[in-house]
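In my numbering, the protein residues as written are 611 to 675. Note that CB positions come from ideal geometry on N, CA and C, so glycine has one too. Source: prediction; values computed, not measured. The structure under discussion appears below in the form of C-alpha cells.
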Amino acid sequence: RAEGAKVVLGGMHVTALPDEALEHGDAVIIREGESVWGEILDDFAKGALKKKYYGPEVDLSELPP
C-alpha cells in the first residue's frame with residue numbers, strides 16, 4: 611500500500627473481523643471470495659473499489675463428508 615498498490619484481504623480472520631482487517635487493506639472479502647473476484651476487478655478498473663465485498667453463504671451440511 612505504501613507504494614500505491616491496492617490490497618484486498620480475505621479468509622477466515624477477515625470474515626470474522628472485517629473492520630479490523632480493513633485497517634490493513636483497501637478492501638475485504640467476507641465469506642467465500644471466488645464468486646466476487648469478477649466484481650472486484652471490474653470495480654478496480656472503474657476506480658470504484660468498495661470497502662467490503664460479500665461472497666455467498668455456504669451451507670456446510672451440503673458439502674460431501
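Going by the CB atoms, is the gap between R611 and D636 shorter than 9 Å? Contact flag set, yes.
Assuming K662 and P628 make a contact with CB atoms under 8 Å, what is their CB distance in whole Å? 6 Å
Measure the C-alpha to C-alpha separation of V668 and E642 and round it to an integer number of angstroms. Going by the C-alpha atoms only, they are around 8 Å apart.
Could you check where the beta strand (DSSP E) with G620 kicks off and where it finishes? For G620, the enclosing beta strand (DSSP E) starts and ends at V618 to G620.
Using DSSP with H/G/I as helix, E/B as strand and the rest coil, what is V668? coil
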